[in-house]
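Below is one structure, written out as C-alpha cells; comments come after it.
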Amino acid sequence: MLRKQNSSSLSIFLLVLLLLISVSIFITSNQINRKLEQCSLPSFTRQARVLNPAALYTSHSAKEVRKSSFKSADQARKLLIAAAKLNDNKDFYAKVKTEAHCENMERIGESGDGGKYVCNPKMVRNGCTLMSLGLNNQIEYDEHIHKATGKQCIILGADIGEQNEKTKESYKNINGQLFVGKIPDNLPISSMLEKSGRSEIELLKMDIENGEFTALEPLIKDYFVCQIFIEIHGTPLNHFELLQTMAKYGFRIFNVDPNPYCEACCEYSLINDFCMAQFEVTPLASIIPPVTV
C-alpha cells in the first residue's frame, strides 16, 4: 500500500515538474521572439507603434492645410503650366507650390548653395542607404546627414573627379563609399547600388550639373527611393518636365529653394507617396501634372 502511495506521489510530482518546465520554456521563448522581432524591425516601424502616423491625417491643422491646398490647386496648376512656357525662371519658381507638408523639415549642409531641405531625417530606417551625387570635395551635407540620421546608415558618394585625401579620409569616418565617374555616362547609379550590395535609397541628394535629366528616371523607375533633394538646371520648361517625370513615379514636392547664385538653378525636395507616413508628412493637393507612363 505504501509503495502505491509513493508511486502515485512521485507521478504527481513529475507531472507538476514537467508542467512548470513547459511554462518556463514557453515564457522564455516568447521573450526571445519579442526581442528578435524588435531587432529585425526597422526603426520607423517600432516608433510607429507609439507615434501612430494615422493621427497626422486626422488632426485639425492637417485637415485645414489640405483643405486650403485643394481649394487653390486648379488655379495653381494653370499658372504653373503657363509659367513653364515662358523664360522667366524666378516667376516659375514662385508658381511651384508644395504638394506635401513636412512639419519637421531640417536644412542639412551649407547655409548657402549646397544645403538641402530634408524631411524628418531621424525617421530613416536602421541601416539605410544614403546617396550623395556631386561632391567636388565639399561634403558638409554628407557629414551633416550622417549625424542627423543617427550615424546608422551607409552613404554612397560620387563625383566626376577623384576626391582629395582629406575627403577620402572623412568619407571613411562617416561610413561612406566613394565612386568616380560621370553620371550616368560612365557611372550608372545602378552600378553604385550593385557594387555596394544595396537595392533601395532612403535619401538621395543629386547635384550633377545637367546630368539629372538622363540619370534620374532610370533610377526611380527600377529602384525604390524615399526622398529626393535635387538641383535642376535650365529653362522653366526643363524644370517643369523633370518635375513631371518625378510626379509620374509618385513623388510630391515639399520644398522649393531657388539658388541665389544661379538664376537657372533651383533646389527641390520631394518625397515618395509610400514614405509619407514614415516621415510624418501630410499629403496636399497634387499640382504637377505627371507625364503619362
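Going by full-length UniProt numbering, the letters in the sequence shown line up with residues 1 to 293, in that order.
Ideal Cβ placement from N, Cα and C applies to all residues, glycine included.
If you're wondering where the values come from, they're calculated on a predicted model, not measured in any experiment.
Range covered by the alpha helix (DSSP H) that runs through residue i
i    : result
K151 : Looking at the DSSP string, K151 is not in any alpha helix (DSSP H), and its letter there is neither H nor E.
K172 : 165-173
V291 : Per DSSP, V291 belongs to no alpha helix (DSSP H) and is neither H nor E.
I81  : 60-84
N210 : That residue, N210, is in no alpha helix (DSSP H); it is neither H nor E in DSSP.
M246 : 236-248
First and last residue of the uninterrupted beta strand (DSSP E) at residue i
i    : result
S199 : Looking at the DSSP string, S199 is not in any beta strand (DSSP E), and its letter there is neither H nor E.
T129 : 129-133
E267 : 265-272
V281 : 281-283
K116 : 116-119
Beta-carbon separation (whole angstroms), residue i vs residue j, contact threshold 8 Å
i           : j    : result
A100        : M246 : Not really, about 12 Å apart at Cβ, beyond 8 Å.
G114        : Q152 : Their Cβ separation, rounded to whole angstroms, is 24 Å, which puts G114 and Q152 out of contact at 8 Å.
G109        : H146 : No, G109 and H146 are not in contact; Cβ-Cβ is about 11 Å, not under 8 Å.
residue 312 : R77  : Absent from the structure is residue 312, since the part of the chain shown begins at 1 and ends at 293.
F240        : A84  : 4 Å
N120        : F279 : 4 Å
K248        : V291 : 5 Å
A148        : E103 : Their Cβ separation, rounded to whole angstroms, is 16 Å, which puts A148 and E103 out of contact at 8 Å.
Backbone secondary structure at residue i - three-state DSSP
i           : result
K182        : coil
Y141        : helix
P188        : coil
D257        : strand
K97         : coil
R107        : strand
E231        : strand
Q177        : strand
residue 351 : Any question about residue 351 goes unanswered here, given that the chain covers just 1 to 293.
M276        : coil
S286        : coil
Spatial distance of residue i from residue j (CA atoms)
i    : j    : result
N272 : G176 : 24 Å
V59  : V65  : The amino acid at residue 59 is misidentified as Val; the sequence shows Ser. Distance between the alpha carbons of S59 and V65 is about 10 Å.
D142 : F213 : 23 Å
N136 : D207 : 10 Å
L187 : L156 : 13 Å
K182 : L86  : 31 Å
T235 : A215 : 18 Å
S286 : N255 : 14 Å
K122 : G150 : 7 Å
L79  : L284 : 18 Å
A82  : P258 : 19 Å
G127 : V225 : 15 Å
I220 : G250 : 10 Å
C265 : E217 : 19 Å
R49  : Q75  : Legend: pLDDT at R49 = 36, less than 50; position of this residue unreliable, value from coordinates given subsequently. Going from the Cα of R49 to the Cα of Q75 covers about 39 Å.
D185 : K172 : 26 Å
A94  : H233 : 16 Å
I201 : S191 : 13 Å
E165 : I154 : 20 Å
S68  : V96  : 16 Å
Close-in-space but distant-in-sequence residues of the same chain around residue i (CB under 6 Å, 5 per side omitted)
i    : result
F229 : K116, K205, S269
L203 : L130, Q227
S72  : none
E267 : E231, D257
T98  : I253, F254
Close-in-space but distant-in-sequence residues of the same chain around residue i (CB under 7 Å, 5 per side omitted)
i    : result
F70  : A285
S199 : L193, Y223
E140 : G109, E110, G114
D159 : G134, L135, N136, V180
Distance cut-off 7 Å: residue i Cβ against heavy atoms of the ligand ZN
i   : result
K63 : In terms of ligand content, the structure shown is empty, and the ligand ZN therefore cannot be addressed.
Spatial neighbours of residue i in its chain, beta-carbon cut-off 8 Å, leaving aside the 5 residues before and after
i    : result
K90  : P258, E263
K168 : L178
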